[in-house]
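*Asks:* Quick one: the structure is below, questions incoming.
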Ligand SMILES: Nc1ncnc2c1ncn2[C@@H]1O[C@H](COP(=O)(O)OP(=O)(O)OP(=O)(O)O)[C@@H](O)[C@H]1O
Ligand SMILES: [Mg+2]
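Protein chains in written order, with this note's numbering: chain P, -8 to 285; chain D, 11 to 428.
This is how it looks when you write it as structure tokens:
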């Protein structure tokens, strides 16, 4: 593992222009500021960990990056331009990636946090639809091969709503990694996976990374982050609280694990810590004094 | 373009794969045929009663017999239904009597009857539905007269070549309209209104449900990173159009079969036999159907961009029907030819314009300027609505709650946002 990681970092350092660039990004929902002023960069070919507690705005940031939310301030670009599905334009960065070099536009694979599919369609029809939209070259062969590799070969003709949650998630993952995306964004990909499937997912991430795919990973599992990520960013109160390589962040905080850093940033073992209060006692009594946001 | 095509293809195929689509497609024409059959049956019954004389007794009949063709004695010998037949000295007098409602039906036998074998039958609209046939009393008389003439050729003429021209005096008296002309004028707006009705009842709901589907099932993120919102909307609208055409084909084929069967086999009145469609009114109706359809489509897209679930979408799209179908309740206003302000307003307001314009065309007095104004309001408002709907659709694609931030939804787009 260690050896692999050092080759990865070596690969990323030689790229000068960032592949993903977020500058002074801010967004509010109904008067509530979610992201205040966020700037970060993701280099081509690296695995970037986007971390933060529940509700800190990780998903919101990704949605804004993909044009699903409109930012109130700042700019979010992929390869030098705001993301738009299927816009054909010359690549800003020269592509030495192993991805099909004839591609004329940036492809993005996004596994959203909310896992929805067309419920009444079959697995095959759904995947074929997205495969065509993503201009996959040999969609039918690809889908069959993928499904048999993830153990869903028998479910080719099943309706999506007849699948278990984890199985549906594999279908979505397939849709996400179709066409070897240049940028892969995974929002809590291991959520709901058993250890076997988690291993499978890690393998897929690893393989794509080897092929030169840039990956942004959102997860709450710090062991995954330590194992996979080159750079990380810790979101809190709408700004970046920690940003850098895993090693740098650890030495900045002078703590041995990312778990410890996470707990420190989010207020565990400090005076305004909720964890010292008992949680399940006196739930039926009115609170004594109003509390802050966290 | 390719993406729009792919979305369309996907949506069409998954719809026609469903049994419910075909059930709907078949049930609608069955209902319509049943309805028309019932209407025809009612019409047939009144004809029956007319010929048996029970109803004609109540009608006040008049006649202007220019060539003095009928022989008076036949009046006395015939059934009592023609005994109160009032004789007029001129055609104008008789028509005046019909206009003043002193008379229900006037038969005019013209000077050249012996050559033309033509009899005109004048009525007011309320005494002449499309199914009514007032020729029976006069044919009884002509028949009796011809029998009394020993001349065999004369009798044959009466039996075979007799030509009735029904004439309806319209509500405002100054127009005398040939019945067969009326039918050909009415047929285009009537079909247009019917088609529009089917489209909005069946397909507006289908469209809203389909537009909300991604939002409701949390597929928005997955799909909107593969196609742009506009491509998705365009694809869905296009797929709906194709489904509509499939539906209309299912609808039209049995009608054509019945029509041709009726023409070749059934004994239908001459005026229905050679209906030629008036090309201008056909074109008007066609443009109206298209414009109205797109207006409703635009409204449906707007609704579905605002609401989070298909259930909300359905209930809101039902709300659109109320103003759209409202003009039907004012149908008597549309029948009148005198200008009424309310009618003009209804024709110009985009929500009520579709049905209003069809109704006016149906009653035969749609001024060209009103038509153009109504049509352009429909088109312009559709474009405006669809523009904002697409914008809101994009901004609201991930909002699964009912709360709306309208200010944000309608604000100007930032340059850095696609
Ligand atoms: N469409 C929206 N309307 C209003 N508020 C929103 C909307 N989307 C997100 N928020 C708010 O933004 C905040 C951040 O949400 P977000 O989903 O980005 O968090 P997250 O970091 O992904 O959390 P989690 O780890 O639980 O997934 C939350 O407080 C949420 O209530
Ligand atoms: Mg999230």
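Glycine is no exception: its CB is placed at the ideal position from the N, C-alpha and C atoms. On a predicted model such as this, the values are computed, not experimentally measured, just so you know.
Which runs of the beta strand (DSSP E) at least 3 residues long sit entirely within the stretch 97 to 149 of chain P? Give them in chain order.
*Replies:* Listed in chain order, they are 99 to 102.
*Asks:* Should residue 153(P) be labelled buried (16 or more other beta-carbon atoms within 10 Å of its own) or exposed?
*Replies:* Mapped onto the first chain, residue 153(P) falls at position 162. Burial call: exposed.
*Asks:* Is any beta-carbon of chain P found at less than 8 Å from that of residue 222(D)?
*Replies:* Position 212 of the second chain, counting from 1, holds the residue named residue 222(D). It does not; no Cβ of chain P falls within 8 Å.
*Asks:* Which of helix, strand or coil does DSSP assign to residue 436(D)?
*Replies:* With chain D covering 11 to 428 only, the question about residue 436(D) has no answer from this structure.
*Asks:* For ligand 1, is there any heavy atom lying closer than 7 Å to the beta carbon of residue 403(D)?
*Replies:* For the purposes of this step, residue 403(D) is taken as residue 393 along the second chain, with counting starting at 1. No.
*Asks:* Could you check whether the Cβ of residue 245(P) sits closer than 7 Å to any heavy atom belonging to ligand 2?
*Replies:* Here residue 245(P) refers to the residue found at position 254 of the first chain. Because no heavy atom of ligand 2 lies under 7 Å away, the Cβ of residue 245(P) does not count as near it: no.
*Asks:* Taking Cβ positions only, does residue 62(D) come closer than 8 Å to chain P?
*Replies:* Along the second chain, one-based indexing puts residue 62(D) at 52. Reliability fails at residue 62(D), whose pLDDT of 44 lies under 50, so the model's placement of it is uncertain and the value that follows must be treated cautiously. No, no contact with chain P.
*Asks:* Quick one: does the C-beta of residue 49(P) sit closer than 7 Å to a heavy atom of ligand 2?
*Replies:* As a position in the first chain, residue 49(P) is number 58, starting the count at 1. Flag set: Cβ of residue 49(P) near ligand 2.
*Asks:* What do you get for residue 92(P), buried or exposed, if any count of 16 or more other CB atoms within 10 angstroms of its CB means buried?
*Replies:* Residue mapping note: residue 92(P) aligns to position 101 of the first chain, counting from 1. Only weak support is given to the placement of residue 92(P): the predicted model assigns it a pLDDT of 46, under 50, and the value that follows is read from those uncertain coordinates. Exposed: under 16 other Cβ atoms inside 10 Å.
*Asks:* Give, in chain order, every unbroken run of the alpha helix (DSSP H) that is at least 4 residues long and sits entirely within the stretch 186 to 251 of chain D.
*Replies:* Runs of the alpha helix (DSSP H) inside the stretch 186 to 251 of chain D: 189 to 208, 215 to 226 and 230 to 234.
*Asks:* How should residue 329(D) be labelled, buried or exposed, when 16 other C-beta atoms within 10 angstroms of its C-beta is the threshold for buried?
*Replies:* One-based indexing of the second chain puts residue 329(D) at position 319. Exposed, by the Cβ-count rule.
*Asks:* Determine which residues share a DSSP beta bridge with residue 66(P) and list them.
*Replies:* Taking the first chain and counting its residues from 1, one reaches residue 66(P) at position 75. Residue 66(P) is bridged to 14(P).
*Asks:* Is it the case that the stretch 17 to 36 of chain P contacts the stretch 109 to 120 of chain P, given that we only count it when at least three CB pairs across the two stretches are under 8 Å?
*Replies:* No: fewer than three Cβ pairs fall under 8 Å.
*Asks:* Interface residues of chain P around residue 235(D) at Cβ under 7 Å?
*Replies:* One-based indexing of the second chain puts residue 235(D) at position 225. Per Cβ cutoff of 7 Å: 57, 76, 99 and 101.
*Asks:* For residue 112(P), return the contacting residues in chain D, with the cut-off set at a CB-CB distance below 7 Å.
*Replies:* As a position in the first chain, residue 112(P) is number 121, starting the count at 1. Those within 7 Å of residue 112(P) in chain D are 24.
*Asks:* Going along the chain, which residues of the stretch 243 to 254 of chain D sit with their C-beta nearer than 8 Å to a C-beta in chain P?
*Replies:* Cβ contacts with chain P come from no residue of the stretch 243 to 254 of chain D.
*Asks:* In the DSSP assignment, find the unbroken beta strand (DSSP E) run with residue 31(P) in it and report its ends.
*Replies:* Reading the first chain from its first residue, position 40 is the one you call residue 31(P). Per DSSP, residue 31(P) belongs to the beta strand (DSSP E) from 23 to 33.
*Asks:* Let's test the definition: count the other Cβ atoms within 10 Å of the Cβ of residue 227(D) and tell me whether it reaches 16, buried, or not, exposed.
*Replies:* In the second chain, the residue the question calls residue 227(D) occupies position 217. Buried is the call here.
*Asks:* Kindly examine ligand 2 and report whether one of its heavy atoms sits closer than 7 Å to the Cβ of residue 231(D).
*Replies:* For the purposes of this step, residue 231(D) is taken as residue 221 along the second chain, with counting starting at 1. No, since every heavy atom of ligand 2 falls outside the 7 Å radius drawn around the Cβ of residue 231(D).
*Asks:* For residue 421(D), which residues from the same chain have a beta carbon less than 6 Å from its beta carbon, with the 5 sequence-adjacent residues on both sides left out?
*Replies:* Locating residue 421(D) in the second chain gives position 411, where the first residue counts as 1. So the list is empty, once near-sequence residues are dropped.
*Asks:* Give the list of continuous alpha helix (DSSP H) stretches no shorter than 4 residues that lie fully inside the stretch 139 to 226 of chain P.
*Replies:* Whole alpha helix (DSSP H) segments, 4+ residues: 156 to 168, 186 to 201 and 213 to 219.
*Asks:* Assuming residue 233(P) and residue 243(P) make a contact with CB atoms under 8 Å, what is their CB distance in whole Å?
*Replies:* The residue given as residue 233(P) occupies position 242 in the first chain. The residue given as residue 243(P) occupies position 252 in the first chain. Confirmed, about 7 Å.
*Asks:* CB of residue 215(P) to nearest heavy atom of ligand 2: below 7 Å?
*Replies:* Within the first chain, numbered from 1, the residue matching residue 215(P) stands at position 224. No, Cβ of residue 215(P) sits at least 7 Å from all heavy atoms of ligand 2.
*Asks:* State the DSSP-derived secondary structure class of residue 144(D), mapped to helix, strand or coil.
*Replies:* Sequence index remark: in the second chain, residue 144(D) carries index 134 (1-based). Residue 144(D) falls in the coil class under three-state DSSP.
*Asks:* Can a CB atom of chain D be found closer than 8 Å to the CB of residue 195(P)?
*Replies:* Walking along the first chain from the start, residue 195(P) turns up at place 204. Closer than 8 Å: no.
*Asks:* Return no unless some Cβ of chain D is closer than 8 Å to the Cβ of residue 88(P).
*Replies:* To locate residue 88(P), count along the first chain from 1; it is residue 97. Note that residue 88(P) scores a pLDDT of 45, beneath 50, so its modelled location is shaky; the value from the coordinates is reported in the next line. No - not a single Cβ of chain D is within 8 Å of the one on residue 88(P).
*Asks:* Under the rule that 16 or more other beta-carbon atoms within 10 Å means buried, what is residue 169(P), buried or exposed?
*Replies:* Walking along the first chain from the start, residue 169(P) turns up at place 178. Per the 10 Å Cβ criterion, buried.
*Asks:* Using 8 Å as the threshold, is the stretch 340 to 347 of chain D in touch with the stretch 238 to 255 of chain D, meaning 3 or more CB pairs across them?
*Replies:* No contact exists between the stretch 340 to 347 of chain D and the stretch 238 to 255 of chain D.
*Asks:* Using alpha carbons as the reference points, say which of 374(D), 327(D) and 392(D) lies closest to residue 359(D).
*Replies:* For the purposes of this step, residue 359(D) is identified with residue 349 of the second chain, where counting begins at 1. It is 392(D) whose Cα lies nearest to the Cα of residue 359(D).
*Asks:* Can you pull the chain D neighbours of residue 310(P), defined as C-beta to C-beta under 8 Å?
*Replies:* Any answer about residue 310(P) is impossible in this case: the structure gives chain P only from -8 up to 285.
*Asks:* Below 8 Å on the Cβ atoms is my guess for residue 100(P) versus residue 52(P); work out the distance and round it to an integer in Å.
*Replies:* Counted from its first residue, the first chain places residue 100(P) at position 109. Counted from its first residue, the first chain places residue 52(P) at position 61. Wrong, their Cβ atoms sit about 17 Å apart, outside the cutoff.
*Asks:* Measure the CB-CB distance between residue 408(D) and residue 220(D) and report whether it falls below 8 Å.
*Replies:* For the purposes of this step, residue 408(D) is identified with residue 398 of the second chain, where counting begins at 1. For the purposes of this step, residue 220(D) is identified with residue 210 of the second chain, where counting begins at 1. Taking 8 Å as the Cβ cut-off, residue 408(D) and residue 220(D) do not qualify as a contacting pair.
*Asks:* Cα-Cα, which of 201(D), 34(D), 394(D) and 403(D) is closest to residue 317(D)?
*Replies:* Stepping through the second chain from its first residue, residue 317(D) is reached at position 307. For the residues 201(D), 34(D), 394(D) and 403(D), the minimum Cα distance to residue 317(D) belongs to 403(D).
*Asks:* Should residue 303(D) be labelled buried (16 or more other beta-carbon atoms within 10 Å of its own) or exposed?
*Replies:* The count along the second chain starts at 1 and reaches residue 303(D) at position 293. Per the 10 Å Cβ criterion, buried.
*Asks:* Is there a Cβ from chain D that is less than 8 Å from the Cβ of residue 124(P)?
*Replies:* Reading the first chain from its first residue, position 133 is the one you call residue 124(P). Yes, residue 124(P) counts as interfacial toward chain D.
*Asks:* Helix, strand or coil for residue 90(P)? Go by DSSP, reduced to three states.
*Replies:* The count along the first chain starts at 1 and reaches residue 90(P) at position 99. Confidence in residue 90(P) is poor, its pLDDT being 47 and thus under 50, which makes the residue's placement too unreliable to answer from.
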